[in-house]
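Report on one structure; see the data block that follows.
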Amino acid sequence: KGEVVLEKMRLWNEHCPWNFENKMFLLSAERESIFGNVDQAASFYARSIQSANDHNFVHEEAIASELAGVFFRQRELDATSYELLFHSQKCYERWGARAVARRVKTFIGNEFGSDYGQTCADIN
Numbered sequence: 027k028g029e030v031v032l033e034k035m036r037l038w039n040e041h042c043p044w045n046f047e048n049k050m051f052l053l054s055a056e057r058e059s060i061f062g063n064v065d066q067a068a069s070f071y072a073r074s075i076q077s078a079n080d081h082n083f084v085h086e087e088a089i090a091s092e093l094a095g096v097f098f099r100q101r102e103l104d105a106t107s108y109e110l111l112f113h114s115q116k117c118y119e120r121w122g123a124r125a126v127a128r129r130v131k132t133f134i135g136n137e138f139g140s141d142y143g144q145t146c147a148d149i150n
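If you count by the working numbering, then the sequence shown holds residues 27 to 150, one letter each, in order.
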């Protein structure tokens with residue numbers, strides 16, 4: 027069923043990439059992640075986030091960033107994960123989804139500890 031949805035998204039993207047490109051990339055990222063294609067998944071996550079940003083879909087940028095952050099956390103790439111999750115939180119806040127932003131902030135705290143971001147800033 028997922029393949030059917032992805033194929034529909036590809037078709038819709040051909041007709042209106044402005045609206046569907048970032049969604050197609052995100053679905054592709056999730057598909058590649060499921061099949062263990064880490065490099066391809068990472069590339070599709072990045073393309074989805076960039077496309078959503080380019081087309082001013084802040085809520086979809088937030089979703090793609092959050093999913094990418096979880097993806098990288100599962101692979102113990104903590105700095106990348108933190109950066110994406112933090113970006114997701116800020117996007118949710120910009121969009122006005124304060125409850126979702128708080129959920130992501132709580133997730134970040136639970137996964138990395140409350141001072142992780144400050145520790146990273148001190149290193150840089």
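Backbone N, C-alpha and C define an ideal beta-carbon position, used for all residues, glycine too.
Asn48 is not a Cβ neighbour of Ser69, given a cutoff of 8 Å. In the structure shown, the three-state DSSP call for Arg57 is helix.
By the criterion of at least three beta-carbon pairs nearer than 8 Å, the region 103 to 110 is not in contact with the region 120 to 132. Linking His81 to Ser140 through their CA atoms gives a straight-line distance of about 33 Å.
Check the Cα spacing between Val96 and each of Val31, Lys131, Asn39, Asn79: the tightest is with Lys131.
Judged by DSSP in its simplified three-state form, Asn79 adopts helix. A direct Cα-Cα distance of roughly 6 Å separates Ser91 from Leu111.
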